Amino acid sequence: MSKIALITGATAGIGEACAHVFAREGYDLVLTGRRLDRLEKLAKHLNDKYNVEVAVSSFDVRNREDTINNLEALPAQWRKVTVLVNNAGLSQGLDPIQKGSIDDWETMIDTNIKGLLYVSRVVSNWMIENGKGHIINLGSIAGKEVYANGNVYCATKHAVDALNKGMRIDLLPHGIKVTAIHPGAVETEFSEVRFKGDKERAKKVYDGFKPLVAEDVAETIWFIASRPAHVNINDLVIMPTAQANAGTIFRG
Ligand code: NDP
Ligand code: 8X3
-9 MSKIALITGA TAGIGEACAH VFAREGYDLV LTGRRLDRLE KLAKHLNDKY NVEVAVSSFD
51 VRNREDTINN LEALPAQWRK VTVLVNNAGL SQGLDPIQKG SIDDWETMID TNIKGLLYVS
111 RVVSNWMIEN GKGHIINLGS IAGKEVYANG NVYCATKHAV DALNKGMRID LLPHGIKVTA
171 IHPGAVETEF SEVRFKGDKE RAKKVYDGFK PLVAEDVAET IWFIASRPAH VNINDLVIMP
231 TAQANAGTIF RG
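If you're matching positions, the sequence shown starts at -9 in my numbering and goes up one per residue.
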């Protein structure tokens, strides 16, 4: 195994698109997410199509023990992770602070911040052992700006922005690159998850303009990962052309 990408949240959207791109580029893969059936189907497809090795590991990143134990249970050859795409994440609800669901807040905090930390704690140590690596964190435009009713989701992505900067400082002596990519609107399962399965409401988010698709973000992540050894992209914001900032979308 020469190059390995570990992608969290590979069962859908940006993570799944990253799995395709890294497999196309000859990377062996560790794919994680809760939906094991999707992981297994994707692994078989990528192995058949690109002849790459794919390990799958199904766990909920909110569960600290499961996350650490499942990662540590991977056979030793998979510890040679070259690129970690810290992608698993979600939004739940879109309500003003005084009306927000506390359960939703906890789900977002536990997934987007704590889950990312649990995975990073394990994999950064593997990278230190290997003397190299690249951690690519999925932030968001919601981690750069705040929009109406985005409150807690925006806070979790601001935390990712801060953690990205902190990780870069801490891992610098170990030769590990750290990058955050901050997309604007990407049409994935994201809004359907945010609105708890309400497909109609989710679809409306992307009405009247051309959003990014998961492949746009995945190709940009590949660009970030494929820079020469002496080049690191610290931070990258990527938006649909129709979106100026978190709250301004031109719907023609
Ligand atoms: P999707 O809903 O399409 O995919 C989310 C992925 O995260 C799924 O594979 C899901 O897997 C995984 N995931 C969610 N919760 C957990 C959990 N508790 N444990 C393990 N895996 C989990 O959304 P996107 O692809 O759009 O989102 C990917 C990332 O990009 C997220 O961090 C999101 O915040 C960020 N982002 C998205 C934008 C957008 O507009 N879509 C814009 C900016 C950033 P499973 O359910 O199988 O566990
Ligand atoms: C997802 C993009 O604008 O819906 O992070 O928060 S947004």
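Using N, Cα and C, we set each Cβ at its ideal position, and we do this for glycine too.
In this text, all values refer to a predicted model and were calculated from it rather than measured experimentally.
| Check | Outcome |
| --- | --- |
| For P86, three-class secondary structure by DSSP | coil |
| The segment 67 to 75 / the segment 89 to 105 touching (three or more Cβ pairs under 8 angstroms) | no |
| For G123, the residue or residues it bridges with in DSSP | I166 |
| I214 vs I126 beta-carbon contact at 8 angstroms | yes |
| For A236 and K200, believed in contact at Cβ under 8 angstroms, the rounded distance | No, K200 and A236 are not in contact; Cβ-Cβ is about 18 angstroms, not under 8 angstroms. |
| Whether V112 touches G129 by CB criterion (8 angstroms) | no |
| Contact test: A204 Cβ vs the ligand 8X3 heavy atom, cutoff 7 angstroms | no |
| CA nearest to the CA of E119, picked from W68, N59, N141 and Y137 | W68 |
| Inside the segment 23 to 72 only - beta strand (DSSP E) runs reaching at least 3 residues | 44 to 48 |
| Helix, strand or coil at E15 according to DSSP, with G and I counted as helix | coil |
| Touching by the beta-carbon criterion (3+ pairs, under 8 angstroms), the segment 75 to 84 and the segment 181 to 200 | yes |
| Cβ-heavy atom distance, F180 to the ligand FMN, below 7 angstroms | Among the ligands in the structure shown, the ligand FMN does not appear; only the ligand NDP and the ligand 8X3 can be found there. |
| Per-residue DSSP class, three states only, for A234 | strand |
| For I239, the nearest candidate out of A175, D56, G133 and N224 (CA to CA) | A175 |
| For N224, three-class secondary structure by DSSP | coil |
| A236 CB to nearest heavy atom of the ligand 8X3 below 7 angstroms | yes |
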